[in-house]
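Student: In this text, residue positions in the sequence shown follow this note's numbering: the first is 154, and each later residue adds one. All residues carry an ideal CB built from backbone N, CA and C; glycine is no exception. This is the structure, below, for whatever I ask next.
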Amino acid sequence: MSRRRKVLLVAVGVVAFLAISLLLARYLTTENRERDAVYALLRDQARGDAKAMLSRLDGCDARCRADVQANARRLARPGEVKILAYQSPTAYALGSAEGRTRVAWTIVDRQLPVVQCVDVQRTGNVLAGRGINLRRLSVPIDRQGSC
């Protein structure tokens, strides 16, 4: 095999490795983006900021808005939000996906944990780009409850 052919094969291998690495990184960062979006929503809720919460929810109907207002009043508390458990049915989806994510959170040393469900919609794919939309945040559910 000629030197020129070897260099070309190595170059093709490097380009393929970089392309696969880029797609894998894009795929894996979607998990963090979803969790960060939910975390920001919970922080707004703990601050009692219903307006900020509504700005993070796409397609929130009248019932959803009423739940947001009630949650913002009822669950406002000082301190830093800490997520205790996070169960997402959309985790590691290759394409578009929708589901109800169960999230347990608390303010450390303040009160008992709160468990809520967040309707999450993922759009797109790793090639075209991924989108995360939060649709609805439930009122608190039983601590052992499921979404």
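Sort out for me which residues DSSP pairs Ile-294 with in a bridge.
Tutor: Val-268.
Student: DSSP three-state call for Tyr-239: helix, strand or coil?
Tutor: Tyr-239: strand per DSSP, three-state reduction.
Student: Sorted by chain position, which residues of the same chain lie with C-beta nearer than 7 angstroms to Trp-258's C-beta, five sequence neighbours on each side aside?
Tutor: The residues are Leu-195, Val-234, Lys-235, Ile-236, Leu-237, Pro-266 and Val-267.
Student: Touch check for the stretch 246-260 and the stretch 204-215: three-plus C-beta pairs under 8 angstroms?
Tutor: No: fewer than three Cβ pairs fall under 8 angstroms.
Student: Does the beta-carbon of Thr-182 have 16 or more other beta-carbons within 10 angstroms, so that it is buried, or is it exposed?
Tutor: By the neighbour-count rule (16 or more Cβ atoms within 10 Å), Thr-182 is not buried but exposed.
Student: In or out: Val-271 buried (at least 16 other Cβ within 10 Å) or exposed?
Tutor: By the 10 Å Cβ count, Val-271 comes out buried.
Student: Hey, Arg-226 and Ala-199: beta-carbon distance below 8 angstroms or not?
Tutor: No, the pair does not count as a contact, with Cβ atoms beyond the cut-off.
Student: What did DSSP end up calling Glu-251 once you bin it into helix, strand or coil?
Tutor: In this structure, Glu-251 counts as strand in the three-state DSSP scheme.
Student: Would Ser-299 be called buried (16 or more neighbouring beta carbons within 10 Å of its own) or exposed?
Tutor: With fewer than 16 Cβ atoms within 10 Å of its Cβ, Ser-299 is classed as exposed.
Student: Is the stretch 174-188 touching the stretch 218-225 in the sense that three or more CB pairs, one from each, lie closer than 8 angstroms?
Tutor: Touching, no.
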